[in-house]
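Trainee: Those sequence lines, one after another, are chains A and B.
In my numbering, each number is its position in the first sequence, counted from 1, plus 185.
In my numbering, each number is its position in the second sequence, counted from 1, plus 185.
Below is a structure I'd like to ask you about.
2 protein chains.
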Amino acid sequence: MPDVITKPDKKEHIIAAAEKLFAMRGYDATSVRDICHEADVNVAMVNYYFGSKEGMFREMVEQKASFMRGKLQALIADKSLTSIRKMEIAIEHQVNRMFLHKPFTMVVIREMSKDRGVAQRDMLQELFIPNMKLLRSIINQGIRSAEFRKVDIELTIATIIGAIWNIISTGDMMIASVSRSASAADPEALKQRLIRHLHQLIRHHLLIEANGTKS
Amino acid sequence: MPDVITKPDKKEHIIAAAEKLFAMRGYDATSVRDICHEADVNVAMVNYYFGSKEGMFREMVEQKASFMRGKLQALIADKSLTSIRKMEIAIEHQVNRMFLHKPFTMVVIREMSKDRGVAQRDMLQELFIPNMKLLRSIINQGIRSAEFRKVDIELTIATIIGAIWNIISTGDMMIASVSRSASAADPEALKQRLIRHLHQLIRHHLLIEANGTKS
DNA sequence: AGAATAATTAAACATTTGTTTAATTTTAAA
DNA sequence: TTTAAAATTAAACAAATGTTTAATTATTCT
Chain A
186 MPDVITKPDK
196 KEHIIAAAEK
206 LFAMRGYDAT
216 SVRDICHEAD
226 VNVAMVNYYF
236 GSKEGMFREM
246 VEQKASFMRG
256 KLQALIADKS
266 LTSIRKMEIA
276 IEHQVNRMFL
286 HKPFTMVVIR
296 EMSKDRGVAQ
306 RDMLQELFIP
316 NMKLLRSIIN
326 QGIRSAEFRK
336 VDIELTIATI
346 IGAIWNIIST
356 GDMMIASVSR
366 SASAADPEAL
376 KQRLIRHLHQ
386 LIRHHLLIEA
396 NGTKS
Chain B
186 MPDVITKPDK
196 KEHIIAAAEK
206 LFAMRGYDAT
216 SVRDICHEAD
226 VNVAMVNYYF
236 GSKEGMFREM
246 VEQKASFMRG
256 KLQALIADKS
266 LTSIRKMEIA
276 IEHQVNRMFL
286 HKPFTMVVIR
296 EMSKDRGVAQ
306 RDMLQELFIP
316 NMKLLRSIIN
326 QGIRSAEFRK
336 VDIELTIATI
346 IGAIWNIIST
356 GDMMIASVSR
366 SASAADPEAL
376 KQRLIRHLHQ
386 LIRHHLLIEA
396 NGTKS
């Protein structure tokens with residue numbers, strides 16, 4: 186039995202297919218056969234490469250984790266930026282990342298809402314803690330420097346992330362069903378609209394002097 | 186073959202068990218056998234009562250739908266309230282409902298993020314449209330009366346709902362992992378905290394004069 | 001080229017899935 | 001109490017699931 190030495194591009198191919206189907210139908214509703222059919226490989230390849238379906242999920246998570254991390258550290262260290270500007274940039278990063286990796290983000294959202302102890306959830310939880318701690322420290326810094334109000338930090342973060350998740354996962358449904366403008370069809374436009382909205386929202390919410398209507 | 190005349194309390198019992206397990210593990214990851222074991226009934230009862238697993242899900246949704254509807258209509262018609270007060274009350278209703286029916290809400294969140302065309306998603310989508318239209322009309326009214334800023338209405342609604350969803354579905358994880366206070370253990374306290382946060386958020390976000398720090 | 005290892009395949013495996021059947025027990029009415 | 005309907009059950013069903021096997025094809029290295 187070979188020790189699973191890989192031909193990485195094919196693994197990538199399988200993971201991409203899995204990511205797509207997981208996002209559409211969910212982890213449990215997607216069979217290994219579905220994935221292999223989508224990726225045009227034999228059913229046995231998943232277990233050959235990853236050992237199991239769950240092993241493949243784990244590798245998918247670990248691979249994407251690197252995308253989700255970093256970039257914010259540099260932001261925090263930057264002394265030339267105001268706290269509100271840091272927040273705006275952080276939000277922009279977050280939105281861009283989640284839109285870029287939309288299928289994966291949707292998998293994360295769905296599996297994260299499961300019970301503690303469910304393998305997929307536990308696997309994903311750690312993924313988000315670093316990011317949230319960074320956001321927290323930015324807000325904290327703003328409060329200490331009297332630039333920000335003393336808001337509920339955790340819920341402020343939860344609000345930002347929740348808003349992004351909501352838009353990503355329910356897609357344009359939440360917009361199209363409420364307004365008659367079918368404008369949300371273009372994902373890039375929707376993304377920019379979301380960034381603009383969140384910038385405005387946190388300026389009003391965080392800044393002590395209410396000078397932030399113009400973005 | 187009997188025409189499925191029901192003993193309603195037993196159906197309720199099965200639905201309650203299903204709701205609980207769906208919330209914990211997801212629709213697909215929950216087998217009919219799991220549900221029947223949880224409800225202490227025979228495996229055949231689900232098909233006897235509901236025809237199929239999906240039929241049971243449909244009945245569960247329709248039953249809960251009545252809880253999720255209404256209450257906001259009266260709010261809109263009330264002429265004695267300012268728009269911001271209406272928004273605050275609407276938020277309070279929304280949070281209370283979702284916390285009260287937390288398992289169901291989690292099922293909704295998870296299934297709603299699936300592809301259009303997936304049965305469960307389509308079934309749920311219509312559930313939320315009325316609520317969102319009502320929220321929309323409140324904000325619209327506030328903007329027309331120059332009480333509110335000209336914000337992005339759809340995204341403002343999406344933000345509020347997204348924040349609640351996030352707190353409900355990831356539970357205290359998103360809070361506990363960021364702050365060292367283990368205070369989020371008490372759901373009622375968390376609920377009140379969320380309401381307070383959202384009230385403050387929308388005051389700052391919506392009101393033209395920034396007078397709303399004190400809740 | 002030849003040997004060794006890796007990659008790939010079709011087929012089979014054991015479980016689990018949702019669902020159905022056919023028999024039995026319970027319930028309720030006459 | 002007798003009888004018909006409803007409720008409940010254990011067992012079986014067919015299909016789908018994740019996984020493994022054993023054989024075959026490709027690749028790589030000497």
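From the three backbone atoms N, C-alpha and C, an ideal C-beta is built for every residue, glycine too.
Would you check if the segment 203-210 of chain B and the segment 274-290 of chain B touch, i.e. whether three or more CB-CB distances between them fall below 8 Å?
Mentor: Because the criterion of three Cβ pairs below 8 Å is met, the segment 274-290 of chain B and the segment 203-210 of chain B touch.
Trainee: Can you give the beta carbon distance from valine 231 of chain A to isoleucine 199 of chain A, rounded, assuming they're within the 8 Å contact cut?
Mentor: Against the first sequence, residue 231 of chain A aligns to sequence position 46. Against the first sequence, residue 199 of chain A aligns to sequence position 14. That belief holds up - the Cβ atoms of valine 231 of chain A and isoleucine 199 of chain A are roughly 6 Å apart, short of 8 Å.
Trainee: When you check each C-beta in the segment 325-354 of chain A against every C-beta of chain B, which residues fall closer than 8 Å?
Mentor: Within the segment 325-354 of chain A, the qualifying residues are Arg334, Val336, Asp337, Ile338, Glu339, Leu340, Thr341, Ile342, Ala343, Thr344, Ile346, Gly347, Ala348, Ile349, Trp350, Asn351, Ile352, Ser354.
Trainee: Could you tell me which of A:Lys196, A:Ala331, A:His382 sits nearest to serine 343 of chain B, measuring between CA atoms?
Mentor: Counting from 1 along the second sequence, the entry for residue 343 of chain B is found at position 158. Just to set this straight, residue 343 of chain B is alanine in the shown sequence, not serine. If we check each option's Cα against that of alanine 343 of chain B, A:His382 comes out closest.
Trainee: Taking the DSSP output, what are the residues bridged to leucine 392 of chain A?
Mentor: Residue numbering aside, residue 392 of chain A sits at position 207 when the first sequence is read from its first letter. Paired residue(s): A:Phe333.
Trainee: According to DSSP, is threonine 267 of chain A part of a helix, a strand, or is it coil?
Mentor: Mapped onto the first sequence, residue 267 of chain A falls at position 82. Looking at threonine 267 of chain A - three-state DSSP - the assignment turns out to be coil, as it is neither helix nor strand.
Trainee: To the nearest angstrom, how far is the alpha carbon of serine 330 of chain B from that of arginine 334 of chain A?
Mentor: Here residue 330 of chain B corresponds to residue number 145 of the second sequence, with the count starting at 1. Here residue 334 of chain A corresponds to residue number 149 of the first sequence, with the count starting at 1. When rounded, the distance between both Cα atoms is 28 Å.
Trainee: Just mark arginine 218 of chain B as buried or exposed, buried being the case when its beta carbon has 16 or more other beta carbons within 10 Å.
Mentor: Taking the first residue of the second sequence as 1, we reach residue 218 of chain B at position 33. By the neighbour-count rule (16 or more Cβ atoms within 10 Å), arginine 218 of chain B is not buried but exposed.
Trainee: Which first and last residues belong to the alpha helix (DSSP H) in which aspartate 219 of chain A is found?
Mentor: Working through the first sequence from its first residue, we reach residue 219 of chain A at position 34. First-last of the alpha helix (DSSP H) with aspartate 219 of chain A: 217-224.
Trainee: Could you tell me which chain B residues have their CB closer than 7 Å to the CB of histidine 389 of chain A, listed as they occur along the chain?
Mentor: Residue numbering aside, residue 389 of chain A sits at position 204 when the first sequence is read from its first letter. Those within 7 Å of histidine 389 of chain A in chain B are His389, His390.
Trainee: Check whether the Cβ of leucine 379 of chain B lies closer than 9 Å to any Cβ atom in chain A.
Mentor: Reading the second sequence from its first residue, position 194 is the one you call residue 379 of chain B. Interface residue, yes.
Trainee: Rounded to the nearest angstrom, how far is the Cβ of isoleucine 269 of chain B from that of arginine 388 of chain B, given a contact under 8 Å?
Mentor: Position 84 of the second sequence, counted from the first residue, corresponds to residue 269 of chain B. Position 203 of the second sequence, counted from the first residue, corresponds to residue 388 of chain B. With 8 Å as the limit, isoleucine 269 of chain B and arginine 388 of chain B qualify as a contact, their Cβ atoms being about 6 Å apart.
Trainee: Residues in its own chain within less than 6 Å of tryptophan 350 of chain B by CB, not counting five upstream and five downstream?
Mentor: Within the second sequence, the letter at position 165 stands for residue 350 of chain B. Contacts found: Ile294.
Trainee: Please list, in chain order, the chain B residues whose beta carbon lies closer than 7 Å to that of leucine 386 of chain A.
Mentor: As a position in the first sequence, residue 386 of chain A is number 201, starting the count at 1. Simply Thr344, His390.
Trainee: Can you find a CB in chain A that lies within less than 9 Å of the CB of histidine 286 of chain B?
Mentor: Locating residue 286 of chain B in the second sequence gives position 101, where the first residue counts as 1. Chain A contact via Cβ: absent.
Trainee: Verify whether the separation of the beta carbon atoms of leucine 404 of chain A and isoleucine 345 of chain A is less than 9 Å.
Mentor: It is not possible to answer for residue 404 of chain A, since the shown part of chain A is limited to 186 through 400.
Trainee: Taking only beta-carbon positions, decide if arginine 218 of chain B is within less than 9 Å of chain A.
Mentor: Here residue 218 of chain B refers to the residue found at position 33 of the second sequence. For arginine 218 of chain B, the answer is no, since every Cβ of chain A falls outside 9 Å of its Cβ.
Trainee: Would you decide whether glycine 155 of chain B is buried or exposed? Buried here means 16 or more other CB atoms lie within 10 Å of its CB.
Mentor: Because chain B spans 186 through 400 in this model, residue 155 of chain B falls outside it and cannot be assessed.
Trainee: Comparing the C-beta of leucine 383 of chain B with each C-beta of chain A, is any distance below 9 Å?
Mentor: For the purposes of this step, residue 383 of chain B is taken as the residue at position 198 of the second sequence. Taking Cβ atoms only, chain A reaches closer than 9 Å to leucine 383 of chain B, which makes this a yes.
Trainee: Output yes or no for whether 9 Å exceeds the beta carbon distance between alanine 208 of chain A and valine 292 of chain A.
Mentor: As a first step, residue 208 of chain A must be located in the first sequence, where it is residue number 23. As a first step, residue 292 of chain A must be located in the first sequence, where it is residue number 107. In contact: alanine 208 of chain A and valine 292 of chain A (Cβ atoms closer than 9 Å).
Trainee: How big is the Cα-Cα spacing for aspartate 213 of chain A and aspartate 213 of chain B?
Mentor: Here residue 213 of chain A is taken as the residue at index 28 of the first sequence, counted from 1. Here residue 213 of chain B is taken as the residue at index 28 of the second sequence, counted from 1. When rounded, the distance between both Cα atoms is 6 Å.
Trainee: Hey, does arginine 295 of chain A have any beta-carbon neighbour from chain B nearer than 9 Å?
Mentor: Against the first sequence, residue 295 of chain A aligns to sequence position 110. Yes, arginine 295 of chain A lies at the interface with chain B (some Cβ there is under 9 Å from its Cβ).
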